[in-house]
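Reviewing the structure listed below.
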Amino acid sequence: MRIAVLALLWGSSFLWIKLALDGGLAPLHVTVVRCALGAAVLLGLARAARQRLPRDRRTWGHLVVAALFCNALPFLFFSIGEQTVGSGVAGVMNATTPLWSLVIGLLLGTERRLGPWRIAGLALGFAGTLLIFAPWQETGLASTGALLLLAAAVSYAVAFAYMARHLIDRGTAPLALSAAQLLVATGLTGLGLPAAPHEGSAPTVTGVVAVVVLGVFGTGLTFHLNSRLIADEGPTAAATVGYLLPVVSVALGALVLGEGLSGRVVAGMAVVLAGVALSRRTAAPKGAGRSSRHGAAERLSARAASARPSGPRCSARG
């Protein structure tokens, strides 16, 4: 039940972004508000749990980098991308995050367990992405908006690698760390507000409600639920959510917004998800224990698989 609720909240984030944009909000406004509301929710939860924000400058310095790549950039990229691309496709692009995480791990040398299954998963995942984009067709999705959606997934992967090395298991309580990260993200995105375009008319009620739901539920509450799921049922259960997110986003896009998907895009989505599943297959580790850093990376990988327009999915994904 908890997995279904989390998948619905996270998977619907792409729908709320689209509704907020259609309701008269600019992409940067959507990004700033969702960061601020998500931070407020997590600050409240951290206070209730008596968790204190980090106090050392070094941690805050790492949080600036994490907030940039895990929140500010992907949130903005998803909002800009969904101005021209459907919310369902945005959810599918988000699902490629674990593939990019694996590639980055290989480049950094932190991922060494690359067997035939994972190689096949990478090949399938990127083949599915290429099938969705279809640059060889005039009706393909190889547009600036679609590329930004893909860049958001890459940004999440960069953030996970950085956080595993510099922030996870460093002594700061998870809720407080996530609240601090979204606070920093709010500050970073707020710096761009003076240059943001101003709409001629005020946002609609639908647009305001959508961005509030996105910030409170799709950004703040979902991270707390995901953290509890990882703690109570383990990263494998949390990773299951990742396979449901694009299904939820596509279904809601079709039912609520009337978005249509070609057979090619649906086939590409299936291939991407199959690739992600294969890329997560690993042989049982030999030896007794794993290092704390490997455990941190595994937990972040679970969050990557359950990627939100939420995400510090990170706090949220999508």
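With full-length UniProt numbering, letter number 187 in the sequence shown gets 187, and the count goes up by one each step, no holes. Beta carbons: idealized from backbone N, C-alpha and C, even for Gly.
- In this structure, the straight-line span from the alpha carbon of T84 to that of L214 is close to 19 Å.
- No residue range can be given for R280, since it is assigned to no alpha helix (DSSP H) and is classified by DSSP as neither H nor E.
- The Cβ atoms of A185 and L28 do not sit closer than 9 Å to each other.
- According to the DSSP assignment, C35 belongs to the alpha helix (DSSP H) that extends over 27-48.
- Note on L193: under 16 other CB atoms within 10 angstroms of its CB, so exposed under the neighbour-count rule.
- Residue burial annotation: A153 is buried, with at least 16 other C-beta atoms found within 10 angstroms of its C-beta.
- For D22, the uninterrupted alpha helix (DSSP H) run begins and ends at 13-22, by DSSP.
- Around S155, the same chain offers F69, C70, L73, P74, F77 as residues with beta carbons nearer than 8 Å, after the five sequence neighbours per side are excluded.
- The three-state secondary structure of V250, taken from DSSP, is helix.
- With respect to the C-alpha of F217, the residue from D22, M1, V33 having the closest C-alpha is V33.
- In the three-state reduction of the DSSP assignment, D56 falls in the coil class.
- Excluding residues up to 5 positions away in sequence, A26 lie with their Cβ nearer than 7 Å to the Cβ of P197 in the same chain.
- As the crow flies, the alpha-carbon of G11 is around 30 Å from that of R52.
- In the DSSP assignment, R118 falls within the unbroken alpha helix (DSSP H) covering 116-133.
- Cβ contact annotation for G268 (same chain, cutoff 6 Å, sequence separation greater than five): G128, L131, I132, in chain order.
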